[in-house]
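Comments concern the structure below.
Residue numbers (this note's numbering): 1 to 130.
Have a look at this one:
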């Protein structure tokens, strides 16, 4: 959506459509109306040049999409985990050099993906158990 510069209102509508379609494909025995369905949304890394090198952003910024999904999750009681912020914190605290987070300027490295998984595990999965 970010790359296509989809308007934020359309983005939120598409999020709701996604959730609705998934719920509507569940079997009737799921008891959705009784127990609900958990959805978890999370961030990954934005473009390296924009995130760390001061490159120009598009008119609808990645942060605007992050804010929109946070609001969508809050409004609909879905989980939201800001994995990107965890990676930014590692860089800000000199725990890692930002190029190590990327395979190329647009794709997270194996290390970044592992950190995303660990963040999800810690922030969401363990929180659900504990």
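Where is the CB? At the ideal position from N, CA and C, for every residue including glycine.
Exercise for the section: Tell me where the beta strand (DSSP E) around residue 80 begins and ends. Expected result: The residue labelled residue 80 in the question sits at position 80 within the chain shown. According to the DSSP assignment, residue 80 belongs to the beta strand (DSSP E) that extends over 79 to 81.
Handout entry: Beta carbon of residue 38 nearer than 8 Å to that of residue 79
Key = Taking the first residue of the chain shown as position 1, residue 38 is located at position 38. Taking the first residue of the chain shown as position 1, residue 79 is located at position 79. Yes, these two residues count as a Cβ contact at 8 Å.
Exercise for the section: Keeping to the same chain, check which residues put their C-beta closer than 8 Å to that of residue 139; ignore five residues upstream and five downstream. Expected result: This structure leaves residue 139 out entirely; the chain is present only between 1 and 130.
Exercise for the section: Take residue 12 and list the residues in its own chain whose beta-carbon comes closer than 6 Å to its own, dropping the five residues that flank it on each side. Expected result: Counting from 1 along the chain shown, the entry for residue 12 is found at position 12. Closer than 6 Å at the Cβ level, and outside the excluded window around residue 12, lie 68, 72.
Handout entry: Test item: CB-CB of residue 109 and residue 120 under 8 Å
Key = As a working mapping, residue 109 is identified with position 109 in the chain shown. As a working mapping, residue 120 is identified with position 120 in the chain shown. Not closer than 8 Å, so no.
Handout entry: Top-ranked residue by Cα proximity to residue 47, from 107, 63, 113
Key = The residue given as residue 47 occupies position 47 in the chain shown. Measuring from the Cα of residue 47, the nearest candidate turns out to be 107.
Problem - Residue from 58, 77, 51 with nearest C-alpha to residue 19 - result: If you number the chain shown from 1, residue 19 lands on position 19. When only C-alpha atoms are compared, the closest one is 77.
Handout entry: Same chain, Cβ closer than 8 Å to residue 64, five either side skipped, listed in chain order
Key = Looking up residue 64 in the chain shown gives position 64. These residues qualify, in order along the chain: 8.
Exercise for the section: Could you tell me the distance, in whole angstroms, from the CA atom of residue 112 to the CA atom of residue 23? Expected result: One-based indexing of the chain shown puts residue 112 at position 112. One-based indexing of the chain shown puts residue 23 at position 23. Cα-Cα distance, rounded: 31 Å.
Practice task
Compute the beta-carbon to beta-carbon distance between residue 86 and residue 115, rounded to the nearest angstrom, for a pair I have assumed lies under 8 Å.
Solution key: On the chain shown, position 86 is the one that residue 86 refers to. On the chain shown, position 115 is the one that residue 115 refers to. Indeed, because the Cβ distance is near 7 Å, the residues count as touching under 8 Å.
Exercise for the section: Can you grab the Cα-Cα spacing for the pair residue 131 / residue 21, in whole Å? Expected result: A question about residue 131 goes unanswered here, because the residues of the chain that appear run from 1 up to 130.
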